[in-house]
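Peer 1: If you read the sequences in order, they're chains E and H. Positions 256 to 566 (my numbering) are the ones given, in order, by the first sequence. Positions 256 to 566 (my numbering) are the ones given, in order, by the second sequence. C-beta: ideal position from N, C-alpha, C; glycine also. Quantities reported herein were computed from a predicted structural model and do not represent experimental measurements.
There are 2 protein chains.
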Amino acid sequence: MSEFDLIAGHFLRGAIRQPETRVANGDDASIHALADGHELVVSTDTAWLGIHWPKDFPLDDAMDRAVCAALSDLAAMGAKARWIWTAITLQHQDQALLMGQGIVRAADRHGVEIAGGDTTSGQQCGITVTVAGIIPEKTAMCRHQAHVGDHVFVLGSLGRSALGLAEWQKGKHDGDYVPYFTHITPQLFAGELLAKAGIRCCIDVSDGLLQDANHICEASHCAMRLDLNCLLDAFPSPKHREKDVLIQAVLTGGDDYALLFTAAPSMVIPEVAALRIGQCVAAKHGVYTSTPFLDNRPYLMDYPRGFDHFT
Amino acid sequence: MSEFDLIAGHFLRGAIRQPETRVANGDDASIHALADGHELVVSTDTAWLGIHWPKDFPLDDAMDRAVCAALSDLAAMGAKARWIWTAITLQHQDQALLMGQGIVRAADRHGVEIAGGDTTSGQQCGITVTVAGIIPEKTAMCRHQAHVGDHVFVLGSLGRSALGLAEWQKGKHDGDYVPYFTHITPQLFAGELLAKAGIRCCIDVSDGLLQDANHICEASHCAMRLDLNCLLDAFPSPKHREKDVLIQAVLTGGDDYALLFTAAPSMVIPEVAALRIGQCVAAKHGVYTSTPFLDNRPYLMDYPRGFDHFT
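1) Does the Cβ of Val527 of chain E have 16 or more other Cβ atoms within 10 Å, making it buried, or fewer, making it exposed?
2) Can you check DSSP and say which residues form a bridge with Val536 of chain H?
3) In the DSSP assignment, find the unbroken beta strand (DSSP E) run with Lys335 of chain E in it and report its ends.
4) Name, please, each residue of chain E whose Cβ falls closer than 7 Å to the Cβ of Arg268 of chain H.
5) Kindly confirm or deny that the stretch 483-491 of chain H and the stretch 422-435 of chain H touch, where touching means at least three C-beta pairs closer than 8 Å.
6) Specify, as a first and last residue, the run of the beta strand (DSSP E) that Leu549 of chain E falls within.
7) Please tell me whether Asp373 of chain E has its Cβ less than 8 Å away from any Cβ of chain H.
8) Does the Cβ-Cβ distance between Leu329 of chain H and Gly411 of chain H come in under 8 Å?
9) Could you give the DSSP three-state label for Phe490 of chain E: helix, strand or coil?
10) From which residue to which residue does the beta strand (DSSP E) around Ser521 of chain E run?
11) His428 of chain E: buried (16+ other C-beta within 10 angstroms of its C-beta) or exposed?
12) In angstroms with no decimal places, state the Cα-to-Cα distance between Val542 of chain E and Gln273 of chain H.
13) Helix or strand or just coil, what does DSSP make of Arg272 of chain E?
14) With a threshold of 8 Å between beta-carbons, can Trp303 of chain E be considered close to chain H, or not?
15) If the criterion is Cβ atoms closer than 8 Å, does the pair Ile286 of chain H and Arg277 of chain H meet it?
16) Would Trp308 of chain E pass as an interface residue toward chain H - the criterion being a Cβ-Cβ separation below 8 Å?
17) Mapping the DSSP letters down to three states, classify Glu392 of chain H as helix, strand or coil.
18) If you draw a straight line from the alpha carbon of Ala489 of chain H to that of Arg455 of chain E, how long is it in whole angstroms?
19) When we look at the beta-carbon of Tyr554 of chain E and count the other beta-carbons within 10 Å, is it buried (16 or more) or exposed?
20) Quick check on the DSSP output: the beta strand (DSSP E) that includes Phe436 of chain H runs from which residue to which?
21) Based on the DSSP secondary-structure assignment, which residues constitute the bridge partners of Val297 of chain H?
22) Measuring straight from C-alpha to C-alpha, what distance separates Thr394 of chain H and Leu549 of chain H?
23) Which stretch, first to last residue, makes up the alpha helix (DSSP H) that contains Ser327 of chain E?
24) State the DSSP-derived secondary structure class of Leu352 of chain E, mapped to helix, strand or coil.
25) List the residues that DSSP assigns as beta-bridge partners of Cys456 of chain H.
26) Using the three-state DSSP reduction, which class does Asp373 of chain H fall into: helix, strand or coil?
27) Is Val505 of chain E helix, strand or coil when you go by DSSP?
28) Here's a check: name, in chain order, each residue in its chain whose Cβ is nearer than 7 Å to the Cβ of Gly533 of chain E, leaving out the five neighbours to either side.
29) What I want to know is whether the C-beta of His287 of chain E ends up closer than 7 Å to one or more non-hydrogen atoms of the ligand NAP.
30) Would you call Phe444 of chain H buried or exposed, if buried means 16 or more other Cβ atoms sit within 10 Å of its Cβ?
31) Quick one: what's Asn484 of chain E bridged to in DSSP?
32) Within 10 angstroms of the Cβ of Met256 of chain H, are there 16 or more other Cβ atoms? Answer buried if so, exposed if not.
33) For Asn469 of chain E, which residues of its own chain have a beta-carbon under 6 Å away from its beta-carbon, when the five flanking residues on both sides are left out?
34) Given a cut-off of 8 Å, decide if Gln466 of chain H and Gln378 of chain E are closer than it, judged by their beta-carbon atoms.
35) Would you identify the three-state DSSP class for His428 of chain E, choosing helix, strand or coil?
36) Would you kindly work out how many angstroms separate the C-alpha atoms of Thr566 of chain E and Met522 of chain H, rounded to a whole number?
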């Protein structure tokens with residue numbers, strides 16, 4: 256049973272649904288109607304030392320990353336970020352100052368208010384960030400709104416965070432890709448722009464391109480054909496022995512927080528930096544999944560399709 | 256530096272304040288104006304195995320308690336509870352089922368929707384619950400709205416949860432007080448009733464009566480005189496050697512989730528079960544603190560005034 260099965264299996268089954276809820280548990284965030292033609296968008300995200308960031312990583316940067324990763328869920332919905340609530344767990348009291356500084360830095364940079372929080376001691380250092388934003392009603396970008404024929408776009412880099420993490424773990428803290436790992440940019444401005452332009456299906460790539468593309472496929476009941484060549488074009492031409500490492504990072508590397516979205520071929524994409532990387536196609540035999548193509552042939556992998564906490 | 260100094264020192268200082276925010280970081284919950292004459296009330300709360308519940312405690316009951324403890328913050332503001340978001344951390348995948356069952360049970364019982372969540376693996380089993388509710392504008396009960404001369408009331412039992420925990424830890428799982436520890440009742444109905452009746456100052460007693468009373472004193476710039484005799488009247492007459500244990504439980508025991516509120520002497524209290532336990536008085540020399548009186552004399556303690564994670 257994967258992390259996602261776990262969540263789906265045990266946490267979606269409360270009996271209560273409030274009348275204001277427009278998108279319930281299961282997307283990047285839940286959406287709740289407000290009275291003035293806007294909707295409230297809320298998400299929650301946890302990060303642990305040793306799991307979500309390396310043990311030798313500065314705590315302020317780790318907290319900055321955690322806040323930004325949570326805000327990325329609002330970007331994926333197209334919402335304007337407004338508030339965060341931070342529940343931090345410390346092993347030692349002297350971790351508090353750096354953690355606070357990192358949280359405040361990220362919140363201030365992205366114009367969000369730290370509206371509350373909780374501080375506990377524990378065996379592990381970590382943080383749960385709850386984020387809330389606002390969006391005009393019925394304009395949020397959801398996973399289930401892709402259609403067969405839609406073009407697939409990515410906005411932001413893919414694979415670079417995983418390559419940066421690999422450099423960091425080898426002790427190359429000044430490696431070329433390290434900044435992509437150490438600093439997360441939630442695509443808040445682009446997300447709002449896309450939603451305003453009429454894009455209706457989007458997800459942020461936090462667990463790897465293929466895994467997150469599959470979330471769209473499953474929710475939208477379609478499949479996806481992805482073009483590896485155009486994704487690799489963004490990198491300097493790799494030496495032969497490095498190519499597989501690069502492809503694996505692009506397809507399965509986590510923590511990039513690029514936006515993956517779909518749009519009808521007739522749509523004008525407002526964001527010039529968006530890269531078209533594929534198309535939504537009809538699912539065969541009910542298999543709602545994404546398939547990478549290299550040189551027009553399906554690319555076969557012998558590694559997991561993304562990060563899973565329990566496998 | 257105490258837990259509360261930590262929070263106040265490092266987490267209240269973000270530069271951003273959103274225009275909708277009516278009560279910011281620092282009360283039981285933050286409050287955000289909606290457009291239709293209502294306000295959104297949000298709070299977040301963390302609980303860890305081995306810290307917030309004993310290692311031999313059933314996981315479903317622990318999750319039920321965690322959800323109820325978080326909902327109690329909404330009760331303290333007088334809000335109607337609507338949604339929860341749960342971020343759970345598992346040590347083993349097989350903890351998921353029981354944890355999910357406990358969360359769903361509490362959410363369903365209190366009519367709140369499980370609107371989202373996150374699941375991670377970690378070294379420690381725990382949960383962060385974010386709760387949101389709705390309240391008519393400007394009716395929320397806050398810590399800073401007590402006045403000198405106000406009567407002080409408590410609604411719900413005090414000390415029984417700590418006595419139940421002590422019984423549990425001695426292996427007396429069928430002890431008289433154990434149900435007060437194992438099952439939390441967030442006073443949601445009473446909280447709404449009090450706010451509607453015009454009560455403006457309330458807190459839930461989660462960290463011990465004296466510590467939480469002090470939060471009101473500090474926020475309202477007053478002191479408080481509390482009458483231990485009437486609190487002890489709620490218990491069977493203790494044997495002499497047990498009296499100090501009882502008093503310590505009543506004054507400093509956590510996890511009772513009673514509502515502590517203040518009201519002008521002229522006010523009609525709608526909740527007949529509310530017990531008057533004291534009065535707000537002028538602070539001397541800027542010391543905003545509560546003082547327990549036994550037989551009309553200040554009661555001197557030689558133990559900490561409440562639970563603190565870091566001392």
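Peer 2: According to the structure data:
1) Taking the first residue of the first sequence as position 1, residue 527 of chain E is located at position 272. The residue in question, Val527 of chain E, is exposed, as its Cβ has fewer than 16 Cβ neighbours within 10 Å.
2) Your numbering for residue 536 of chain H matches position 281 in the second sequence. According to DSSP, which records beta bridges pairwise, Val536 of chain H is partnered with H:Ala478.
3) Residue mapping note: residue 335 of chain E aligns to position 80 of the first sequence, counting from 1. Per DSSP, Lys335 of chain E belongs to the beta strand (DSSP E) from Lys335 to Leu345.
4) Translated into the one-based positions of the second sequence, residue 268 of chain H becomes position 13. The answer, in chain order, is Val359.
5) no
6) Residue numbering aside, residue 549 of chain E sits at position 294 when the first sequence is read from its first letter. From DSSP, the beta strand (DSSP E) with Leu549 of chain E extends over Ser545 to Leu549.
7) Along the first sequence, read from residue 1 onward, the residue named residue 373 of chain E stands at position 118. Yes - at least one Cβ of chain H is within 8 Å of the one on Asp373 of chain E.
8) Counted from its first residue, the second sequence places residue 329 of chain H at position 74. Counted from its first residue, the second sequence places residue 411 of chain H at position 156. No, these two residues do not count as a Cβ contact at 8 Å.
9) Numbered from 1 along the first sequence, position 235 holds the residue referred to as residue 490 of chain E. Coil.
10) As a working note, residue 521 of chain E is residue 266 in the first sequence. From DSSP, Ser521 of chain E is part of no beta strand (DSSP E); its letter is neither H nor E.
11) For the purposes of this step, residue 428 of chain E is taken as the residue at position 173 of the first sequence. Per the 10 Å Cβ criterion, exposed.
12) Along the first sequence, read from residue 1 onward, the residue named residue 542 of chain E stands at position 287. Along the second sequence, read from residue 1 onward, the residue named residue 273 of chain H stands at position 18. So the two alpha carbons sit approximately 45 Å from each other.
13) As a working mapping, residue 272 of chain E is identified with position 17 in the first sequence. It is coil, neither helix nor strand.
14) The residue you call residue 303 of chain E lines up with position 48 of the first sequence. True, the Cβ-Cβ gap to chain H drops below 8 Å.
15) Residue numbering aside, residue 286 of chain H sits at position 31 when the second sequence is read from its first letter. Residue numbering aside, residue 277 of chain H sits at position 22 when the second sequence is read from its first letter. Yes, Cβ-Cβ distance for Ile286 of chain H and Arg277 of chain H is below 8 Å.
16) For the purposes of this step, residue 308 of chain E is taken as residue 53 along the first sequence, with counting starting at 1. Not closer than 8 Å to any Cβ of chain H, the Cβ of Trp308 of chain E fails to qualify, so no.
17) In the second sequence, counting from the first residue as 1, residue 392 of chain H sits at position 137. If DSSP states are grouped into helix, strand and coil, Glu392 of chain H belongs with coil.
18) In the second sequence, residue 489 of chain H corresponds to position 234, counting from 1. In the first sequence, residue 455 of chain E corresponds to position 200, counting from 1. Between Ala489 of chain H and Arg455 of chain E, the C-alpha separation is close to 59 Å.
19) Taking the first sequence and counting its residues from 1, one reaches residue 554 of chain E at position 299. Flag for Tyr554 of chain E reads exposed.
20) The residue labelled residue 436 of chain H in the question sits at position 181 within the second sequence. Element bounds for Phe436 of chain H: not the beta strand (DSSP E) but the alpha helix (DSSP H), Val433 to Thr437.
21) As a working note, residue 297 of chain H is residue 42 in the second sequence. Per DSSP, H:Ser285 and H:Ala387.
22) In the second sequence, residue 394 of chain H corresponds to position 139, counting from 1. In the second sequence, residue 549 of chain H corresponds to position 294, counting from 1. C-alpha separation (whole angstroms): 35 Å.
23) In the first sequence, residue 327 of chain E corresponds to position 72, counting from 1. In this chain, the alpha helix (DSSP H) harbouring Ser327 of chain E covers Leu314 to Met332.
24) Within the first sequence, the letter at position 97 stands for residue 352 of chain E. Helix at Leu352 of chain E.
25) As a first step, residue 456 of chain H is located in the second sequence; it is residue number 201 there, counting from the start. Paired residue(s): H:Thr517.
26) One-based indexing of the second sequence puts residue 373 of chain H at position 118. Looking at Asp373 of chain H - three-state DSSP - the assignment turns out to be strand.
27) Your numbering for residue 505 of chain E matches position 250 in the first sequence. If DSSP states are grouped into helix, strand and coil, Val505 of chain E belongs with the helices.
28) Position 278 of the first sequence, counted from the first residue, corresponds to residue 533 of chain E. Same-chain partners within the cutoff: Val407, Met479, Arg480, Leu481 and Asp482.
29) Summarising the ligand content, the structure contains no ligands, and the ligand NAP is consequently not present.
30) Indexing the second sequence from 1 puts residue 444 of chain H at position 189. Burial check for Phe444 of chain H: the Cβ neighbour count within 10 Å stays below 16, so the residue is exposed.
31) Within the first sequence, numbered from 1, the residue matching residue 484 of chain E stands at position 229. Asn484 of chain E pairs with nothing; no bridge assigned.
32) Within the second sequence, numbered from 1, the residue matching residue 256 of chain H stands at position 1. Because the pLDDT at Met256 of chain H is just 46, under 50, the model does not fix this residue reliably, and the point stays unresolved.
33) The residue given as residue 469 of chain E occupies position 214 in the first sequence. Excluding positions up to five away in sequence, the list reads Thr544 and Ser545.
34) Indexing the first sequence from 1 puts residue 378 of chain E at position 123. Indexing the second sequence from 1 puts residue 466 of chain H at position 211. Not in contact: Gln378 of chain E and Gln466 of chain H (Cβ atoms no closer than 8 Å).
35) The count along the first sequence starts at 1 and reaches residue 428 of chain E at position 173. The answer is coil: DSSP assigns His428 of chain E none of H, G, I, E or B.
36) As a first step, residue 566 of chain E is located in the first sequence; it is residue number 311 there, counting from the start. As a first step, residue 522 of chain H is located in the second sequence; it is residue number 267 there, counting from the start. Low confidence applies to Thr566 of chain E: its pLDDT is 46, below 50, so where it sits in the model is not reliable enough to give any reading.
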